[in-house]
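Participant:
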Ligand SMILES: Nc1ncnc2c1ncn2[C@@H]1O[C@H](COP(=O)(O)OP(=O)(O)OP(=O)(O)O)[C@@H](O)[C@H]1O
Ligand SMILES: Nc1ncnc2c1ncn2[C@@H]1O[C@H](COP(=O)(O)OP(=O)(O)OP(=O)(O)O)[C@@H](O)[C@H]1O
Ligand SMILES: [Mg+2]
Ligand SMILES: [Mg+2]
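Protein chains in written order, with this note's numbering: chain A, 180 to 509; chain B, 66 to 564; chain C, 530 to 874; chain D, 530 to 874.
1) Who are the neighbours of residue 756/D on chain B, taking C-beta pairs under 8 Å?
2) Please identify the residue among 321/A, 330/A, 380/A and 446/A whose C-alpha is closest to the C-alpha of residue 340/A.
3) Is it buried or exposed for residue 471/A, if we count other Cβ within 10 angstroms and need 16 for buried?
4) Can you list the residues of chain B that residue 812/C reaches, using a CB-CB cut of under 8 Å?
5) Could you name each continuous alpha helix (DSSP H) segment of 4 residues or more that falls completely within the region 567-612 of chain C, going from the start of the chain to the end?
6) In terms of residue numbering, what span does the alpha helix (DSSP H) encompassing residue 835/C cover?
7) Below 8 Å between beta carbons: does that hold for residue 690/C and residue 206/A?
8) By DSSP, does residue 614/C sit in helix, in strand, or in coil?
9) Taking contact to mean 3 or more Cβ pairs, one atom from each stretch, closer than 8 Å, check whether the region 584-601 of chain D and the region 776-789 of chain D are in contact.
10) Do residue 739/D and residue 755/D count as a contact pair if the criterion is CB distance below 8 Å?
11) Less than 8 Å between the beta carbons of residue 591/D and residue 405/B, yes or no?
12) Name, please, each residue of chain D whose Cβ falls closer than 9 Å to the Cβ of residue 847/C.
13) List, in chain order, every chain B residue whose beta-carbon is nearer than 8 Å to that of residue 666/D.
14) Would you say residue 735/D faces chain B, with C-beta separation under 8 Å as the test?
15) Step through the CB atoms of chain C and report whether any lies within less than 8 Å of the CB of residue 215/B.
16) Roughly how many whole angstroms lie between the Cα atoms of residue 641/C and residue 802/C?
17) May I have the straight-line CA-CA distance separating residue 862/C from residue 564/C, to the nearest angstrom?
18) What residues are listed by DSSP as bridge partners for residue 463/A?
19) Within 10 Å of its beta-carbon, does residue 378/B have 16 or more other beta-carbons around it, so buried, or fewer, so exposed?
20) Hey, out of 618/C, 647/C and 637/C, whose CA is closest to residue 628/C's CA?
21) Could you give the residue range of the alpha helix (DSSP H) that holds residue 676/C?
22) Cα-Cα, which of 213/B, 223/B, 217/B and 507/B is closest to residue 142/B?
23) Going by DSSP, what residues sit across from residue 173/B in a beta bridge?
24) Would you verify that the beta carbon of residue 748/D is, or is not, closer than 8 Å to some beta carbon of chain A?
25) Name the chain A residues that come within less than 7 Å of residue 694/C, Cβ to Cβ?
26) Counting Cβ pairs closer than 8 Å, one from the region 265-272 of chain A and one from the region 442-460 of chain A, do we hit at least three?
27) Who are the neighbours of residue 34/B on chain D, taking C-beta pairs under 9 Å?
28) Inspect the beta-carbon positions of residue 210/A and residue 480/A and report whether they are closer than 8 Å.
29) Can you grab the Cα-Cα spacing for the pair residue 299/B / residue 292/B, in whole Å?
30) Does any C-beta atom of chain A lie closer than 8 Å to the C-beta of residue 708/C?
31) Does DSSP put residue 288/A in a helix, a strand or coil?
32) Alpha carbons only, please: which of 515/B, 118/B, 181/B and 209/B is nearest the one belonging to residue 350/B?
33) Starting from the N-terminal side, write out each stretch of the beta strand (DSSP E) that is 3 residues or longer and does not extend beyond the region 237-261 of chain A.
34) Just the Cα atoms here: how many angstroms apart are residue 194/B and residue 234/B?
35) At 7 Å on the CB atoms, spell out the chain B contacts of residue 745/C, in chain order.
36) Could you give the distance in angstroms between the alpha-carbon of residue 420/A and the alpha-carbon of residue 730/C?
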């Protein structure tokens, strides 16, 4: 990307464009972005997102953003492949762009991707699950997918499946089935899946809502089974705390937003060039061991910022420790 | 006698169109008041203003001597002024009973009292000869039945002032007679009745006073019937002498036209054979349900006969669906103009183009507004629509003029078989005569014309032959001088010709 | 002829009296759209035959329970459709009422009072819709499309984009409303009550007549002195209150508030009402039909789960089964429609 | 009186001739819903005044470009609405055509041929809708609600739930259709062409008159010999083909196929058509209005980005601005409506 805007006086104009304003994971990233902007100071940060997940509309908003926030844009999207032309357009306008959460599509000049590995995330949940069952366990494990057709959820599922297959060959894996993203349909679908696969030993999802629904089912029916999922929404954390969910694999969304904006802001303020490659911010398994700590961390924006400070300082002090070639992103 | 209701100096303009320019109407209890005038004279508008459906631009309304203004027809009805409007204001999806009590349903607490509604409605419906289950959906009723329901709705109010805007235009003679009888009874009960009709004989047989409107003005104000001769009334309405209706010289049937051979339709027609030659106007008469309109439906392909054959002028069997029939040259003019005739929200020219240019695509693949409007202007002149602008939306025309537009849209298709079901419903005296002349001209040009009409005079005035139906078959064929109202009426009621 | 007519009339009378006993019941069932009920039952039987696990009391109860929210919205929607109006904001009203009630509870308001306020809020949101429609003079479709986003936005903003948890789950509000009585979930009992109430309102009160009159012929309604704006306002408020009630029931069952809850319910509710036999062109409505329509959709989505459809094919399968179910309904219905063929002079 | 009438007629004639030059243009603009255009322009001016960055050529071009898909769907939808029908499957037709075209290309079909097949596929999907509506005899609303899921499901299943990438982006298909000519994106030129074509179809052909006739009074249309089923089939196929075209253009721009693309477009398209001045009750339509309606919605969602609205409030703000824009449109429109008193209908 082009030269920095250092020394231009007024606040630098940055933006964070993300998939939807109404779901928690994306909001976490936005919180992170806000925190980074506040830490640097003198940043005019615009946050935009469609109300629901809507790729084309996000493209529209991104295109507006590159006209408005010329000092840099962090783009978080679930449909990166729609952004080939828009990203090239940003490059033409010399607006630096950082891809967040999903790797930039081929054919674009975006050099920096900040995200966790969703395959790793799935594997982490898989490992956590494996700890719950003996090596010779037999039976059925049921997988669910909130949004069929969404690449990163598929990666999580693939990661999970590979671990279970390798380490617990006695188990049969069913699904993934459509578990639905809207809360009531997610509950209804899981409720039916649990009954249709009544003998399964575990039900694993890849979205926060899955944990919420699986906990409620256990509460309602009094039946206990192994349930695990990803993303640390408030009520999903509560489900872990209540003991209905053995673990949540958290992609640490907040970190992604923070690091992305921090790097963009520094570039804009001081002309420090953006690194290139895939910056893996890592992930975290939330289970009974750390649940109280995480719930405290997720209390509000301030508590998040405080809790993540050590981690962000660590990562920003040593970029090369987290950077890998872009092509390895998964 | 005191005036029960007096409207003075009522004015109303719609945009540039003046509907009323200072009209007066004074009604007395115990008197039937005929309100007459050409199509578009302003009768319906005056009535809408009196009953609160439309706000006047000027004028005043006195009821029992006190200045009044109704905010709605419901308000008027609550004050004893009931109206049977010309364009049926009904709810086709609701049942008959619900249609009888809009805004005045009897209730107990929050609930309707259907039983009481039924008890109130039964006698009125019976009196009017409406034999339908009050729980039937109104939309499934025939136009005549719906008209009677509309009348029943007004009668149920037990009004002090009853205003009927062309209540008989869709009714067969028996129903009309029944209604007139009811009105006579109401007159004796000291109800003030306003009666609008284009059937002069009917009006004159009943009314006590006459008001005539012309171009929105009262030109004859509440004169006693006895003082007036028909000629005076017509002169007042038209501003000229009435056109003389002539049957025209009957031409020989020069060619084969439509033909039904041994046609049966379950429950409707049993083994009917009849023919209508090109150049001939054949009338079909009968009581409601006797099957005469079914003949039109069969020819038009709206109904499939279970037996028998139907032939069109080209000698081929009539198509079995409606669109093919139209393409083969059949036209079907219905008196139920608002339901099946017109697009009320569209200008006249779009309505007149609907069959020939739009449905049949005769204007080619590209339709230009200019030529369509020009064609419409010609048609509008032919059937005498007023105002003669083709850009007026059809819904804004007076009732009679709407009917003329329906006729015009079918004339545009240049039919070889013209089927008419009450084609002059609500059309005024002068225009009716001209339409009759027009029908004759169309026949002379080689079309076969079949006419059903509730107006038996009309059959007499234009038909070369009249076929009378009784219970699904033709019971008599009347020709020449034997075609008169009395003979037709007797025959359709009894099934035999008077000797 | 008069005699003949009288004879006919009195024979009709006789018949009517004879049928009076059975009449009301059969008429009620027929008027209230038996075809969609039959299609639903058929669907349940077919699924049950193929997957016996589906055919358990618990499962059927769950299907009912999960259909409650859309069914309530559909019941309200049938009023709107029958007067040729539509409300796209119902899903958001559902969500916003749910979130607000949850926030009130978390803020310390007693749960039952919070629930009552939630229903009230729904009514107020409906009133806002009515005010917008009336004063901005735009079609309800556009107005509620905008308020759909507005209300959803409020639901997100009020909860600060987070789920609302930490509610007093031991309170009788949750145990009663989220519980079971006489073998059925309480929310199903509420649905039954609301269905009966709304059916009564639609069929046996002047208000119901007004609603259907307007849908049947708006011009005639205005001519008859029916206030279209007034009736529309009442119906929109009713719709809002029903949406609020659905939200409160939803909270009682789900025990936490998610700002996205109810997204897409508007289309499902309209679909349920239309499948149930309330046409978009207005004039008629059936609350029972709308509720059964929602249950039909619930059976489809629930039943499909028992066939282990891969996630990538689930949407396809859902569409297909909805189509089949509706086709069955249509076949059953067409026998009735044939009786009332309307094309003729 | 006859003289008077003639005078009136000929003066009208005179006037008509006098206005003939300007007449056509003004009439076209007025008929084609100037109010939504005015509201859009006003909105652009206001946003531009507050945030000058919005007021750049590039930005406005981007708004146009991103409105193309919904605008095309809205243009087709205006035909359907004007005959009192609706198609909820357009978003899925868009997505499925896009995905299928992408798969064809990846399968080695030449991109332009694949594009043509994509449009054709859209038409076929529309035909499927028509067949379902006709033979199952259900309202288009329900039929297309089911096919919406069906087609979406196919889009997901065909691509095996994955995005389709790896297309030959150097092909002229992508460089031309996704490129810019004479200062405007090619897809905008296509939109302009389609808008003119559909307007011509609607205003100057018997087909267009039939469509509006049916919407105005279906019974009268049937009684005039217009085939309702036949016309509906043609319109649904047209809608499908336009959806397919939108999908192909979308692919050319986005250069990859996402199975969930176009979700929710159906409501946006209907909203755009209604905002543009095509009422749900049928009888009239304006293709231009529908397109401007879509652009209005595009301006709202683009413009809001320029105001730093807190994320949690963005949905609320969107709803609010849509409401404001529509209110402006309504005010402008009502001045016109006042001129055409609405009584007598
Ligand atoms: N809403 C309206 N807008 C414009 N013009 C109208 C409207 N209503 C009526 N008119 C016009 O006012 C005039 C009087 O109409 P009105 O319906 O009162 O006539 P009428 O005497 O009842 O005729 P008919 O015998 O045909 O029923 C007509 O020229 C009609 O076109
Ligand atoms: N032998 C018969 N064949 C056919 N129809 C008969 C016979 N006897 C009596 N009918 C009566 O004729 C009725 C058919 O009415 P149809 O609609 O054909 O008449 P219509 O003249 O069109 O009436 P309307 O003027 O009300 O439209 C039946 O309801 C039936 O009662
Ligand atoms: Mg009149
Ligand atoms: Mg008949």
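Glycine is no exception: its CB is placed at the ideal position from the N, C-alpha and C atoms. Nothing here was measured: the structure is a model prediction, and the numbers come from that model.
Facilitator: In this structure, then:
1) When 8 Å is used as the limit between beta carbons, residue 756/D is near these residues of chain B: 388, in chain order.
2) Comparing Cα-Cα distances from residue 340/A to each of 321/A, 330/A, 380/A and 446/A, the minimum goes to 321/A.
3) The Cβ neighbour count for residue 471/A, taken over all protein chains shown within 10 Å, is under 16; the residue is labelled exposed.
4) Within chain B, the residues 156, 157, 158 and 159 have their CB atoms less than 8 Å from the CB of residue 812/C, given in chain order.
5) Counting whole runs of 4 or more residues, the region 567-612 of chain C contains the alpha helix (DSSP H) stretches 586-611.
6) According to the DSSP assignment, residue 835/C belongs to no alpha helix (DSSP H), since it is labelled neither H nor E.
7) Yes, Cβ-Cβ distance for residue 690/C and residue 206/A is below 8 Å.
8) Of the three classes helix, strand and coil, the one that applies to residue 614/C here is coil, per DSSP.
9) By the C-beta criterion, the region 584-601 of chain D is judged to be in contact with the region 776-789 of chain D, since at least 3 inter-stretch pairs fall below 8 Å.
10) Result yes, Cβ atoms of residue 755/D and residue 739/D sit closer than 8 Å.
11) Annotated as distal: residue 591/D and residue 405/B, with beta-carbon spacing of 8 Å or more.
12) Per Cβ cutoff of 9 Å: 675, 678, 679 and 682.
13) By Cβ distance, chain B contributes nothing, its closest Cβ being about 18 Å from residue 666/D, past 8 Å.
14) By this cut-off, residue 735/D is an interface position.
15) No, no contact with chain C.
16) Using only the alpha carbons, I get a separation of about 30 Å.
17) Counting only the Cα atoms, residue 564/C lies some 6 Å from residue 862/C.
18) Beta-bridge analysis with DSSP links residue 463/A to 429/A.
19) With a threshold of 16 other beta carbon atoms within 10 Å, residue 378/B meets it and is buried.
20) 647/C is the residue among 618/C, 647/C and 637/C whose C-alpha sits nearest the C-alpha of residue 628/C.
21) For residue 676/C, the enclosing alpha helix (DSSP H) covers residues 669-687.
22) It is 223/B.
23) In the DSSP assignment, residue 173/B is bridged to 176/B.
24) It does not; no Cβ of chain A falls within 8 Å.
25) Simply 413, 414 and 417.
26) Of all C-beta pairs linking the region 265-272 of chain A to the region 442-460 of chain A, fewer than three are shorter than 8 Å, placing the two stretches out of contact.
27) There is no way to answer for residue 34/B, as the model of chain B reaches only from 66 to 564.
28) Contact: yes.
29) So the alpha carbons of these two residues sit roughly 14 Å apart.
30) Chain A contact via Cβ: absent.
31) Three-state result, residue 288/A: coil.
32) Selection 515/B, 118/B, 181/B and 209/B evaluated against residue 350/B yields 515/B as nearest (Cα-Cα).
33) Counting whole runs of 3 or more residues, the region 237-261 of chain A contains the beta strand (DSSP E) stretches 252-255.
34) In this structure, the CA atom of residue 194/B is about 16 Å from the CA atom of residue 234/B.
35) Within chain B, the residues 156, 157, 158 and 159 have their CB atoms less than 7 Å from the CB of residue 745/C, given in chain order.
36) If you take the alpha carbons of residue 420/A and residue 730/C, they lie about 47 Å apart.
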